[in-house]
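J.: Got a structure here, written out as structure tokens. Questions coming.
Residue numbers (full-length UniProt numbering): 1 to 612.
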């Protein structure tokens, strides 16, 4: 939040050892210049020695900023310009120091010609860098706002320069010198202010504030302060201004340090700058109007009118932007309403069940498609999902469901039987995604569709691929798989061939033969234990797999089957009898095909023996 950030910057500045040391030295020197002992020579030399030291601090700080890795090239170019300005100011102060060492008298209090040239050159470098610094692309309205704000600052600068020059003349200060001092200060402030308003400024407000304060001191010292104020005050103001300029790079470093890792603040679309400039011009009027409508008063009134017009234009622009914003907001709300209605209708008429599930596994939202399970959406609120899943399906899913609930961003797709309101079960395919980490959702989102028909079709096709369609018994493929899987533990195998089946088929037709085969399958099911597997191998051949059974147990099963088969079968009014030859073998670890051949051979031996 901006207030917290501001307090953090103030705390950082207040505890920075470099700034504290510099401020302590400068404050001590200023107090010495104002009230300390010694004559003018001592004070002039003190001021002259501290100037280059402070300029070195400015130059070093600007150079660090210009060389900092990761800084925008345009920003680095600006700070290189500040470094150049620091070098020029250092040269000017070294010239002043040389003059003071040669002649430390009243003539060394004011800024000399060489130092003035260096200051002017340094300020020119800064102003050019500020005015040529690239601004980010902006809309037409943003450019108009920038132009209006710049006009307000420029008009206030003209009024300030004129007022300072008029005051300096009234106080007996050289008009040319005061005009130059005030112009340099005001133009510098204007350039830096324009740079900050541009949207992508290489210098923060915290670093620009000392420059503005130095400009004010420069105006006071060069354009307002009368000569009678004394050399002590002039030297103290000069040193204070130099100190403020020198700390600007350090302030920028601290501001960058505080801002590192924090989200950038959204730039305000409004500005108090035109109002501040209006207040500045208003502050000038009481000082110039008592003397009548002088030229300075007319300039101030003209500036007042211009800035008032700028403020009005800025306000009208704000009204227009607000109206546009309202229209866009209304259009956006209408679009949002339509989208919400579209989503509502899609969810209402969708055949998929969409639900939100909280961290406890309870449903907090369901779409109307829940009615496919016989429930109204409100009836399912607070119901845990796992209470609806078939008990036989839940154990295989529970671990994955727990991982889904515990892992934000995880996705899990599964099929399971869900309880219908009428007590039946419906197959659902469910895709769930954990969005508990998303603030706008904060739940697990599930989409479920009814796949009961598809699942039943799959099961039916799978059953038909492995079972005889007439008798419902396993076919040769499934029987071979079960036999191969059971051989390791030892098995008994029954190979059955019906006796007298072909005459029935030829005499009474295939439908009679089919009825006999169905009756045989029923007899097999009745005679076999639950662990047995019965199969129709083809035609009138059947087989039975008895896992773990021995010869005796297999023989008993064969007898039960033959006894059940002895009952008459009635087809189209004809009472038919059927017999069977059953070969029994026992094996463990044998080849499945070899075991089947042995059972087949045993069956044929019994069949031939019965014929004899």
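Where is the CB? At the ideal position from N, CA and C, for every residue including glycine.
State the beta-bridge partners of residue 499 as determined by DSSP.
T.: Bridge partners of residue 499: 579.
J.: Give me the Cβ distance between residue 517 and residue 580, rounded to the nearest whole Å; I'm assuming they're in contact under 8 Å.
T.: Rounded, the Cβ-Cβ distance is 12 Å, inconsistent with contact.
J.: Looking only at its own chain, which residues have a Cβ that is under 7 Å from the Cβ of residue 159, when we skip the five neighbours before and after it?
T.: So the list reads 281, 284, 299, 300, 303, once near-sequence residues are dropped.
J.: Taking only three categories from DSSP, how would you classify residue 549?
T.: Three-state DSSP puts residue 549 in coil, outside helix and strand.
J.: State the CB to CB distance for the pair residue 444 and residue 357, rounded to an integer number of angstroms; the pair is presumed to be in contact (CB under 8 Å).
T.: Sure, about 4 Å apart at Cβ, within 8 Å.
J.: Using DSSP bridges, identify the partner residues of residue 446.
T.: Paired residues: 355, 432.
J.: Take every Cβ of the stretch 462 to 473, pair it with every Cβ of the stretch 516 to 534, and state whether three or more of those distances are shorter than 8 Å.
T.: Short answer: they touch.
J.: Evaluate residue 386 with the Cβ neighbour count: other Cβ atoms within 10 Å of its Cβ, from every protein chain shown; 16 or more gives buried, anything less gives exposed.
T.: Residue 386 should be labelled exposed.
J.: Measure the C-alpha to C-alpha separation of residue 54 and residue 23 and round it to an integer number of angstroms.
T.: Their backbone Cα atoms lie some 11 Å apart in a straight line.
J.: Given 8 Å as the limit, is there contact between the stretch 233 to 251 and the stretch 114 to 125, that is, 3 or more CB pairs closer than that?
T.: Output reads no: the stretch 114 to 125 does not touch the stretch 233 to 251.
J.: Could you give the C-beta distance for residue 434 and residue 354, rounded to a whole number, given that I count them as a contact under 8 Å?
T.: In fact, because the Cβ distance is near 15 Å, the residues do not count as touching under 8 Å.
J.: Just grab the DSSP bridge partners of residue 587 for me.
T.: BP columns for residue 587 point to 491.
J.: Given this structure, state the Cα-to-Cα distance separating residue 291 from residue 79, to the nearest angstrom.
T.: Those two C-alpha atoms are separated by around 45 Å.
J.: Less than 8 Å between C-beta atoms, sequence neighbours within five positions excluded: which residues of the same chain meet that for residue 484?
T.: Result list for residue 484: 592, in chain order.
J.: Taking the alpha carbon of residue 320 as the point to measure from, which residue in 142, 98, 42, 569 has its own alpha carbon closest?
T.: Measuring from the Cα of residue 320, the nearest candidate turns out to be 142.
J.: With distances taken between CB atoms, is the gap from residue 362 to residue 390 smaller than 8 Å?
T.: Against a cut-off of 8 Å, the Cβ pair of residue 390 and residue 362 comes out as no contact.
J.: Rounded to the nearest angstrom, what separates residue 374 and residue 431 at their Cα positions?
T.: Roughly 21 Å between the two C-alpha positions.
J.: Go through its chain and collect everything with a Cβ distance to residue 148's Cβ below 8 Å, but skip five positions before and after it.
T.: These residues qualify, in order along the chain: 274, 310, 313, 314, 317.
J.: Would you say residue 62 and residue 86 are within 8 Å of each other, going by their C-beta atoms?
T.: Contact flag set, yes.
J.: Between residue 338 and residue 329, what straight-line distance do the alpha-carbon atoms span, to the nearest angstrom?
T.: Answer to the nearest angstrom: the Cα atoms are 14 Å apart.
J.: Just verifying my parser: in three-state terms, what is the DSSP assignment at residue 307?
T.: DSSP places residue 307 in helix when its eight states are reduced to three.
J.: Exposed or buried, which one is residue 175 when buried takes at least 16 other CB atoms within 10 Å?
T.: Only weak support exists for where residue 175 lies, its pLDDT of 48 falling under 50; the value from the coordinates is given anyway. Counting Cβ neighbours within 10 Å, residue 175 comes out exposed, since fewer than 16 surround it.
J.: How many Å lie between residue 454 and residue 323 at the Cα?
T.: About 57 Å.
J.: Taking buried to mean at least 16 other C-beta atoms within 10 Å of its own C-beta, is residue 408 buried or exposed?
T.: With fewer than 16 Cβ atoms within 10 Å of its Cβ, residue 408 is classed as exposed.
J.: If we count the other Cβ atoms within 10 Å of its Cβ and call it buried at 16 or more, is residue 614 buried or exposed?
T.: Only positions 1 to 612 of the chain appear in the structure, and residue 614 is not among them; the question remains open.
J.: Determine the contact status of residue 421 and residue 494, defining contact as a CB-CB distance below 8 Å.
T.: Contact: no.
J.: What does the alpha-carbon distance come out to for the pair residue 561 and residue 513?
T.: Whole-angstrom Cα-Cα distance: 19 Å.
J.: Can you have a look at residue 133 and say buried or exposed, based on whether 16 or more other CB atoms are within 10 angstroms of its CB?
T.: Buried, since its Cβ has 16 or more Cβ neighbours within 10 Å.
J.: Got a sec? Which residues, its chain only, sit under 8 Å from residue 508 by beta carbon, not counting five neighbours each side?
T.: For residue 508, where only same-chain residues beyond five positions count, the Cβ hits under 8 Å are 571, 572, 574, 576.
J.: Is it true that the stretch 248 to 261 meets the stretch 204 to 223, where meeting means three or more beta-carbon pairs spaced less than 8 Å apart?
T.: Verdict: yes, contact present.
J.: Is it true that the CB of residue 419 sits closer than 8 Å to the CB of residue 452?
T.: It is not a contact, given that the beta carbons lie outside the stated cut-off.
J.: When DSSP labels each residue in this structure, what does residue 574 get in the three-state scheme?
T.: Here residue 574 sits in strand by DSSP.
J.: From which residue to which residue does the alpha helix (DSSP H) around residue 411 run?
T.: Segment 411 to 419 is the beta strand (DSSP E) holding residue 411; no alpha helix (DSSP H) there.
J.: Below 6 Å CB to CB, which residues in the same chain sit around residue 546 once its five sequence neighbours on both sides are set aside?
T.: Excluding sequence neighbours, residue 546 sits near 492, 532, 554.
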